[in-house]
Amino acid sequence: MYSNFLDKEDQCFPHLWFVSCLAQLTLVGIFLSLILSRNIKIGFFITLILCVLSSGAVGILTINHEFPPSYVAYFTEKSTSLFWKINMALPLSHFGAYASGMLVGIWIARKEYHRTRMCLGAIGWIACLGIAFGLKLILYNARDGSLSPYWSAVYASIHRTAYGLSITWALVACAFGVGGMGC
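So the sequence shown is numbered by UniProt numbering: it starts at 1 and just counts up by one.
Right, dumping it as structure tokens:
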């Protein structure tokens with residue numbers, strides 16, 4: 001439950017870091033679900049504040065330690081164990097994507113009528129694919145280390161949340177009838 005806070009050398013099974021991370025996020029999610037069930041507006045506000053704080057913390061840690069923007073093969077040659085811990089193992093960098101999935105699930109479950117206009121669906125798919133492609137394109141263009149420390153921190157702090165939001169669009173699109181043939 002806490003092995004992702006240990007150094008990689010001290011972990012029994014370092015490849016299971018995500019199980020610990022997911023367990024910690026689930027504990028926070030249970031607390032947030034309780035608040036969301038009592039008052040949706042306050043729960044959404046608290047979730048949004050936690051997303052901003054966790055993303056900001058990742059950005060600050062990235063810029064203070066001059067880390068690369070993401071944990072990708074061509075950035076890991078010079079990386080340290082601290083880089084792995086902050087960008088991968090700690091739940092800070094994964095909270096935004098987890099929260100977006102949680103909030104979209106609650107939104108879909110509370111909706112009674114799941115139909116929307118096709119033009120909104122097209123706009124959603126364009127935004128979804130644009131965000132996903134843009135995130136990958138930025139990372140591909142920065143593989144030579146040309147991203148400044150500031151933009152590395154910005155990318156590190158928002159890329160998982162933005163990608164999580166683009167993935168949650170597929171859930172929304174299928175639930176609202178604009179998912180296409182696969183839904």
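The C-beta atom is built at its ideal place from N, Cα and C for all residues, glycine as well.
All values derive from a computational prediction rather than experimental measurement.
Query raised in the report: Where do the N-terminal and C-terminal ends of the alpha helix (DSSP H) with A127 fall, by residue?
Result: Counting from one through the sequence shown, the residue named residue 127 turns up at place 127. A127 -> alpha helix (DSSP H) spans 118-141.
Query raised in the report: With C-beta atoms as the reference, is T161 less than 7 Å away from G105?
Result: Residue 161 sits at position 161 when you count from the first residue of the sequence shown. Residue 105 sits at position 105 when you count from the first residue of the sequence shown. Their beta carbons are not under 7 Å apart, which means T161 does not touch G105 by this criterion.
Query raised in the report: Just checking, does the segment 47-67 make contact with the segment 156-173 on the three C-beta pairs under 8 Å criterion?
Result: yes
**Report entry** Whether G29 touches I35 by CB criterion (7 Å)
**Finding:** Against the sequence shown, residue 29 aligns to sequence position 29. Against the sequence shown, residue 35 aligns to sequence position 35. The answer is no: Cβ separation not under 7 Å.
Query - is_contact[L135, chain D] using C-beta, thresh 7 Å - result: Checking the listed chains, one finds no chain D in this structure; it contains a single protein chain.
**Report entry** Beta-carbon contacts of E66 that lie in its chain and below 6 Å, excluding the five residues immediately before and after
**Finding:** As a first step, residue 66 must be located in the sequence shown, where it is residue number 66. P149, listed in sequence order.
Requested in this report: Count the C-beta pairs between the segment 83-100 and the segment 120-131 that are closer than 8 Å, then say yes if the count reaches three, no if not.
Outcome: no
Query raised in the report: If we count the other Cβ atoms within 10 Å of its Cβ and call it buried at 16 or more, is Y31 buried or exposed?
Result: For the purposes of this step, residue 31 is identified with residue 31 of the sequence shown, where counting begins at 1. With the sequence shown as reference, residue 31 is identified as Phe, and Tyr is not the correct amino acid for it. Answer is exposed; the Cβ neighbour count stays below 16.
Requested in this report: Let me know the secondary structure DSSP gives Y155 once reduced to three states.
Outcome: For the purposes of this step, residue 155 is taken as the residue at position 155 of the sequence shown. Helix.
Report task. Determine, using beta carbons only, whether L25 and Y98 come nearer to each other than 7 Å. Result -> In the sequence shown, the residue the question calls residue 25 occupies position 25. In the sequence shown, the residue the question calls residue 98 occupies position 98. Against a cut-off of 7 Å, the Cβ pair of Y98 and L25 comes out as a contact.
Report task. With a 10 Å radius around its C-beta and 16 neighbouring C-beta atoms as the bar for buried, classify I86 as buried or exposed. Result -> As a working note, residue 86 is residue 86 in the sequence shown. Label assigned to I86: buried.
Report task. Compare the C-alpha of I40 against each of C21, W107, F83 and name the closest. Result -> On the sequence shown, residue 40 is found 40 positions in, with the first residue counted as 1. Residue W107 is the option with its Cα nearest to I40.
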